[in-house]
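Since the structure comes first, as C-alpha cells, the remarks are kept for the end.
2 protein chains.
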Amino acid sequence: MNYKRLDQNDLKTIRAIIKEEERILYGEEINEEYSHDELSDTVSYPDVVVKVISTEEVSEIMRYAYENTIPVTPRGSGTGLVGASVAIEHGIMLDTSLMNRFLELDENNLTITVEPGVLLMELAAYVQDRDLFYPPDPGEKSATIGGNISTNAGGMRAVKYGVTRDYVRGLEVVLPDGKVVEFGGKVVKNSTGYAMKDLMVGSEGTLGIITKATLKLLPLPKKAISLLIPFPTLEKAIRTVPFIIKSKSIPTAIEFMQREVILDAEKYLGKKFPDSSADAYLLLKFDGNSTEEIEKDYANVAQICLEQGAIDILISDTNEREESIWKARGAFLEAIKGSTTYMDEVDVVVPRGSVNEMVEYIHGLYKEVDIRIKSFGHAGDGNLHAYILKDDLSEEEWENKMKAAMDKIYGKARELSGQVSGEHGIGYAKKSYLMESMDPATVEIMRGIKRAFDPKNILNPHKVCQM
Amino acid sequence: MNYKRLDQNDLKTIRAIIKEEERILYGEEINEEYSHDELSDTVSYPDVVVKVISTEEVSEIMRYAYENTIPVTPRGSGTGLVGASVAIEHGIMLDTSLMNRFLELDENNLTITVEPGVLLMELAAYVQDRDLFYPPDPGEKSATIGGNISTNAGGMRAVKYGVTRDYVRGLEVVLPDGKVVEFGGKVVKNSTGYAMKDLMVGSEGTLGIITKATLKLLPLPKKAISLLIPFPTLEKAIRTVPFIIKSKSIPTAIEFMQREVILDAEKYLGKKFPDSSADAYLLLKFDGNSTEEIEKDYANVAQICLEQGAIDILISDTNEREESIWKARGAFLEAIKGSTTYMDEVDVVVPRGSVNEMVEYIHGLYKEVDIRIKSFGHAGDGNLHAYILKDDLSEEEWENKMKAAMDKIYGKARELSGQVSGEHGIGYAKKSYLMESMDPATVEIMRGIKRAFDPKNILNPHKVCQM
Numbered sequence: 001m002n003y004k005r006l007d008q009n010d011l012k013t014i015r016a017i018i019k020e021e022e023r024i025l026y027g028e029e030i031n032e033e034y035s036h037d038e039l040s041d042t043v044s045y046p047d048v049v050v051k052v053i054s055t056e057e058v059s060e061i062m063r064y065a066y067e068n069t070i071p072v073t074p075r076g077s078g079t080g081l082v083g084a085s086v087a088i089e090h091g092i093m094l095d096t097s098l099m100n101r102f103l104e105l106d107e108n109n110l111t112i113t114v115e116p117g118v119l120l121m122e123l124a125a126y127v128q129d130r131d132l133f134y135p136p137d138p139g140e141k142s143a144t145i146g147g148n149i150s151t152n153a154g155g156m157r158a159v160k161y162g163v164t165r166d167y168v169r170g171l172e173v174v175l176p177d178g179k180v181v182e183f184g185g186k187v188v189k190n191s192t193g194y195a196m197k198d199l200m201v202g203s204e205g206t207l208g209i210i211t212k213a214t215l216k217l218l219p220l221p222k223k224a225i226s227l228l229i230p231f232p233t234l235e236k237a238i239r240t241v242p243f244i245i246k247s248k249s250i251p252t253a254i255e256f257m258q259r260e261v262i263l264d265a266e267k268y269l270g271k272k273f274p275d276s277s278a279d280a281y282l283l284l285k286f287d288g289n290s291t292e293e294i295e296k297d298y299a300n301v302a303q304i305c306l307e308q309g310a311i312d313i314l315i316s317d318t319n320e321r322e323e324s325i326w327k328a329r330g331a332f333l334e335a336i337k338g339s340t341t342y343m344d345e346v347d348v349v350v351p352r353g354s355v356n357e358m359v360e361y362i363h364g365l366y367k368e369v370d371i372r373i374k375s376f377g378h379a380g381d382g383n384l385h386a387y388i389l390k391d392d393l394s395e396e397e398w399e400n401k402m403k404a405a406m407d408k409i410y411g412k413a414r415e416l417s418g419q420v421s422g423e424h425g426i427g428y429a430k431k432s433y434l435m436e437s438m439d440p441a442t443v444e445i446m447r448g449i450k451r452a453f454d455p456k457n458i459l460n461p462h463k464v465c466q467m
Numbered sequence: 001m002n003y004k005r006l007d008q009n010d011l012k013t014i015r016a017i018i019k020e021e022e023r024i025l026y027g028e029e030i031n032e033e034y035s036h037d038e039l040s041d042t043v044s045y046p047d048v049v050v051k052v053i054s055t056e057e058v059s060e061i062m063r064y065a066y067e068n069t070i071p072v073t074p075r076g077s078g079t080g081l082v083g084a085s086v087a088i089e090h091g092i093m094l095d096t097s098l099m100n101r102f103l104e105l106d107e108n109n110l111t112i113t114v115e116p117g118v119l120l121m122e123l124a125a126y127v128q129d130r131d132l133f134y135p136p137d138p139g140e141k142s143a144t145i146g147g148n149i150s151t152n153a154g155g156m157r158a159v160k161y162g163v164t165r166d167y168v169r170g171l172e173v174v175l176p177d178g179k180v181v182e183f184g185g186k187v188v189k190n191s192t193g194y195a196m197k198d199l200m201v202g203s204e205g206t207l208g209i210i211t212k213a214t215l216k217l218l219p220l221p222k223k224a225i226s227l228l229i230p231f232p233t234l235e236k237a238i239r240t241v242p243f244i245i246k247s248k249s250i251p252t253a254i255e256f257m258q259r260e261v262i263l264d265a266e267k268y269l270g271k272k273f274p275d276s277s278a279d280a281y282l283l284l285k286f287d288g289n290s291t292e293e294i295e296k297d298y299a300n301v302a303q304i305c306l307e308q309g310a311i312d313i314l315i316s317d318t319n320e321r322e323e324s325i326w327k328a329r330g331a332f333l334e335a336i337k338g339s340t341t342y343m344d345e346v347d348v349v350v351p352r353g354s355v356n357e358m359v360e361y362i363h364g365l366y367k368e369v370d371i372r373i374k375s376f377g378h379a380g381d382g383n384l385h386a387y388i389l390k391d392d393l394s395e396e397e398w399e400n401k402m403k404a405a406m407d408k409i410y411g412k413a414r415e416l417s418g419q420v421s422g423e424h425g426i427g428y429a430k431k432s433y434l435m436e437s438m439d440p441a442t443v444e445i446m447r448g449i450k451r452a453f454d455p456k457n458i459l460n461p462h463k464v465c466q467m
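Sequence lines, in order, name chains E and Z.
Using the UniProt record's numbering, read the first sequence as starting at 1 and increasing by one per residue.
Using the UniProt record's numbering, read the second sequence as starting at 1 and increasing by one per residue.
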C-alpha cells in the first residue's frame, strides 16, 4: 500500500478539527510509551498522536485520513501484549483515553453505555456501587473497555460468566471512511443480518473505531468465597478440573498456579502468600446470593478435590485473605516480568480436557530448549499463559531459543485442536503463528472482510491477518 | 448474476457424486413442500433436490456448482418462517436432513458434536438422557440444529441462558467453492482472528454450509418449576418484567400471553388451559439444583408480581400441569395459524424496557388498520411475535392492510431502537424491512462480507442483504 506520509498540511487540518493544541502531540512531543505496548517488542512511532474526545472528532479525522490514504492506529491504555496498538506505518494515532464518560446506566434494561476510554477498574467500581455487576475480569484492570472489546478479553470469571463478547450488546463504530454506524443495540436477541457486533468484538482495531459501547450488566451477586486448594502435583490439580466442570456447582473461576510463580509474586508484592504447603494449587471462586447456596456449592467441589488427591481445602472467607490471594494472582504477569531481563508470552487456548497435556509439554520444554518458561492460567477454560524468559541470554541465543520454544508450543496447541490466542489477540506479534495455524481459505476470507470494511487498508495496517 | 440453468449434463455429474439414485429428486419427483417453508409466501422450486449424507458430498457438489455458477440453496427441516430455505434461483437444493448423526459426546469438555440434520428435539432428549442440558429452546422442536444455528434461534430460555450463538463452540463449514474449513473448536475462549464462528451463526445459509457443529452443554439442572401469573391487564403484567430482571432471581423464561391466544390454543389442542381467571398472564420458569434454591427464587419473584398487581400466583409443580401450560405455549403459532385462512408474522425485538409500548402499539393497529393481529412472546427479552391474519379479506385488501400493518410495526420498532428480527431471521421475506432499518453503510459492508465468502453469489442468492 502506498500511504501518504503525514505533512504540515495534514497537521493543519488535524488542528482545525481538534482545536485544542494540547490534545495533539507531534514529532518530538510524542512520549516514548506511544511507540510500544505493555509487552511485545514491536516498536514504531506515530507521526502524530491525537487525543480525541468525541465521535465527531474521530469521524472527521477518519474521513480526512481515508481521503488522503493516511494510516490510523487506535489506542486505549496501551496495555496490550501483542503490538495491536503500535503504529507500524506511522501516520495518525487516535488515543481514545480521554473519551472516558459514563453515558447512561439503564436500570430497566440492565445496560450501561460508556465511551471506549473508560478503564475496566472504573467500570467495575461504578456498577458495583449501584449493586450491579460487569462480569468480565481480565488481570489488567487499567485496560480501557475499548481495548477489552477489541481483544475480546477473557479473564478470570470466564468459566461461569463467559468473555467480553458475551457482555457487549451494542457498539457505535466509526468506519475507516469516517461514517458512523451502530451495530446491535440494547436488544437482548438479534437475528437481523450478519453478526456485525460480534465481528467488531475481537477485531483489534482493524475494522472500525469503537466510540461507544452498550454493555450488559447483571445483578451483583451478594456473596463470594474462594477456595485455595493445594495439590501434591500440578498434574493431579489439573486432572481434577473436568470433574469440577461436570459437577452441578460451577465456580466463577478455576485458576492453576505453581510455587515458582507464587514466589515471584511474593517478592514483587513484598507480601507472603497465605499458604506454603504445596507446589501446585487450584484457586476456585464461587459466587451467589446466599451463604448457604455458596456453601453447598463449594462443599460439593471440595469433596471432589479431596477425592482427586487434594492435600487440603483452604477457605478464604475474610476480605483480607481473599485480597491477599487474588492480589498475588493478579500480580503474576508483572511479577514474572520483574524476575527476568525480558520476556515474551504465549496465550494458547486448548480444549479443557487437554490442559494437562499442554502444561506438561511446556514444562518439558524447559529442558528440551534449555530456556526458562513460567506458566499459569485459567485451568477452567483451557487458556494458558506461558512466559518465556530471556534472563542473561545474548540477543542471538534469545531469538533462537525463544522462537524454538514458541514454535513448539504453538505446534503442540494445534495438535491438541487449540488456538493461538485465548484472550490477548493476534495483533502484530502473533501474526506468523496465526498464519501457520489457520486454513489459508479462512485467512483469505478474513482479508476479504477487512476489505469490506477498509478497502484502502488505512486502519491499523499489518495487524491480525494483514501482512 | 448470470446463473447456469441446470441441465442433463449437470444431473449426470450430481449422480456420479451421490451414487444412490433415491437421494436425488429431479423435476416432477420434487415434492411441493420443497418449494416453500413453514410460513412465508415465498414459493419457488429447485431444479434438483440432493439429500446429502456427508461433508464430502456437500463439498463435491459445491465445487461443481461453483465452477459452473449454479445456485445452491441449503435446507434442513424447512420450518423457517421467512423464506430463507426457498430456492429463489432454482438450481440445486441441498437437503441436509439425512446428515443427522450424533458424532461425539465429550464429557470432559462438556461438548457434543453433531451433524446439521439432527433435530432440536432429538438433541435435547439425547443430552437429557445423559444428565446434560442444551439450553436453547425455540418453540419449533422439529427444526434441525443446522437451521437453528443459521438463524441464531432464540427461544424460551434466552432470559437466563442466552441464544443459540452462545452454545456454538465450533463449526465445520463447506465454503461456496467447496473448500472445507473449521471455525472455532472445542475451546472455551478464542481471540484468534476475526469471529468467523459468530459470523456463520445467523447467516441463514448465505456464507457457507454447516456440516458439523460442536455445541456447548451444561450440567442438567435437577429441578424446574413454572409460575403462571394472572394479571388484570397485559400492561400491568409487562410493567412487572423490569422488576423481575433487576431482582437477583433470574427466571429461565418470562413469557407473556393473552386470553385470545390461549383460546386458540385450547381449540387447537382440544384441551383446557389450567386457568381462566384473567385476560393476561406472565409465565415464568425457574430451574436449579435443589427445591429450596428454586423456592427461594420464585418466592422472591412471586412477591414482586403481587406488589405489581398480580391477581394470583399459580405454581406448577406437577409434571402434568407443567406440560399442559407449556404445551399450550408451544402451540401458539400453529393455533393462531389454524384460526385464520392465512397469516404473516413479525418478529421484532425491542429493548426490554420498551416491550409495553410496542405491545400497546400493536394492539392499537387492530383498529387503525382494521385487521386482526394476535401477539405473544418473550417479555423477558423484548422479542415479540405478532401475527397479522387474513381471515376473509380479498387478496388485494390483504396485501394492502398487511403491508400497512407491517410498515407501521417495523417503523415503531425502529423508533424504539429495536431490530427487525429477534430470532426468525431476515431470509427473503423481511429483506425490504432490513433495508429500511439498516444504515446503508452497514448493508454495503454485509454485502462485502458476502463477497468475501461467495464471490460468485451462488449460495442462497437473494437472501438477507442481497437484492
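Every residue gets a Cβ at the ideal spot worked out from N, C-alpha and C, and that includes glycine.
None of the values given here were measured: they were computed from a predicted structure.
- Excluding sequence positions up to five before and after Z/Tyr361, its CB lies within less than 6 Å of the CB of Lys412, all in the same chain and listed in chain order.
- For the segment 441-458 of chain E, the beta-carbon criterion of a distance under 9 Å to any beta-carbon of chain Z is satisfied by Ala441, Thr442, Val443, Glu444, Ile445, Met446, Arg447, Gly448, Ile449, Lys450, Arg451, Ala452, Phe453 and Pro455.
- Residue state for E/Asn9 is assigned as helix, using DSSP reduced to three classes.
- Each residue's CA atom was taken as its position, placing Z/Lys403 and Z/Asp439 some 22 Å apart.
- When DSSP reads this structure, Z/Ala224 sits in a beta bridge with Z/Asp287.
- Between the alpha carbons of Z/Tyr126 and Z/Lys285 lies a gap of roughly 22 Å.
- When CB distances to chain E are screened at a threshold of 7 Å, the residues of the segment 333-357 of chain Z falling below it are Val349, Val350, Pro351, Arg352 and Gly353, in chain order.
- It is roughly 23 Å from the alpha-carbon of E/Glu423 to the alpha-carbon of E/Thr113.
- By the Cβ test, the segment 185-197 of chain E is not in contact with the segment 258-271 of chain E, since fewer than three Cβ pairs between them sit closer than 8 Å.
- Out of E/Ala452, E/Ser276, E/Thr144 and E/Leu132, the CA that lies nearest to the CA of E/Lys222 is found in E/Leu132.
- At a beta-carbon threshold of 9 Å, none of the residues of chain Z lie near E/Tyr66; the nearest stands roughly 13 Å away.
- Cβ-Cβ distances below 8 Å link E/Ile304 to Thr240, Phe243, Ile244 and Ser247 in the same chain, with the five nearest sequence neighbours on each side left out; the list follows chain order.
- Bounds of the alpha helix (DSSP H) holding Z/Phe332 are Phe332 to Gly338.
- Under the three-state reduction of DSSP, E/Pro176 is assigned to coil, being neither helix nor strand.
- The beta carbon of E/Gly162 falls within 9 Å of a beta carbon belonging to chain Z, placing the residue at that interface.
- For the segment 400-420 of chain E, the residues whose beta carbon sits under 8 Å from a beta carbon of chain Z are, in order, Ser417, Gly418, Gln419 and Val420.
- Apart from the 5 residues on each side of it in sequence, Z/Lys4 sits with its Cβ closer than 8 Å to the Cβ of Asp10, Asn68, Thr69 and Ile70 in its chain, given in chain order.
- Restricting attention to E/Ser324, E/Gly27 and E/Lys216, the CA atom closest to the CA of E/Asn108 is found in E/Lys216.
- Nearest Cα to Z/Leu81 within the set Z/Ile445, Z/Val174 and Z/Val43: Z/Val43.
- Listed in chain order, the non-local C-beta contacts of E/Gly146 below 6 Å within the same chain comprise Gly76, Thr96, Pro116 and Ile210, local neighbours out to five positions each way being set aside.
- Proximity to E/Ala16 across E/Glu57, E/Glu444, E/Ala87 and E/Ser290 peaks at E/Glu57, based on C-alpha coordinates.
- By the neighbour-count criterion, in which a residue is buried when 16 or more other Cβ atoms sit within 10 angstroms of its Cβ, Z/Tyr134 is buried.
- CA-to-CA, the gap between E/Lys160 and E/Ile250 works out to about 6 Å.
- Boundaries of the alpha helix (DSSP H) harbouring E/His363: Val355 to Leu365, taken from the DSSP string.
- Residue environment analysis places Z/Ser276 among the exposed positions, since fewer than 16 neighbouring C-beta atoms fall within 10 angstroms of its C-beta.
- Contact between the segment 293-304 of chain Z and the segment 346-354 of chain Z is absent, with fewer than three C-beta pairs closer than 8 Å.
- For E/Ser59, the enclosing alpha helix (DSSP H) has its first and last residue at Thr55 to Asn68.
- Shown here, E/Thr111 sits in a strand according to DSSP, grouped into three states.
- Taking a cut-off of 8 Å for Cβ pairs, the segment 86-101 of chain E and the segment 225-237 of chain Z do not touch, as fewer than three such pairs fall below it.
- As for any beta strand (DSSP E) of minimum length 3 sitting wholly inside the segment 378-421 of chain E, the runs are 383-389, ordered along the chain.
- Using a Cβ distance threshold of 9 Å, E/Thr111 and E/Glu122 do not count as a contacting pair.
- In the structure shown, Z/Pro135 adopts coil according to DSSP, grouped into three states.
- Taking 9 Å as the threshold, the shortest C-beta distance from Z/Pro274 to chain E does not fall below it.
- Three or more pairs of CB atoms, one per stretch, sit closer than 8 Å, so the segment 439-454 of chain E contacts the segment 440-456 of chain Z.
- The beta carbon of E/Leu25 is closer than 6 Å to those of Val49 in its chain, skipping five residues each way along the sequence.
- E/Val173 places its beta carbon less than 9 Å from that of E/Val181.
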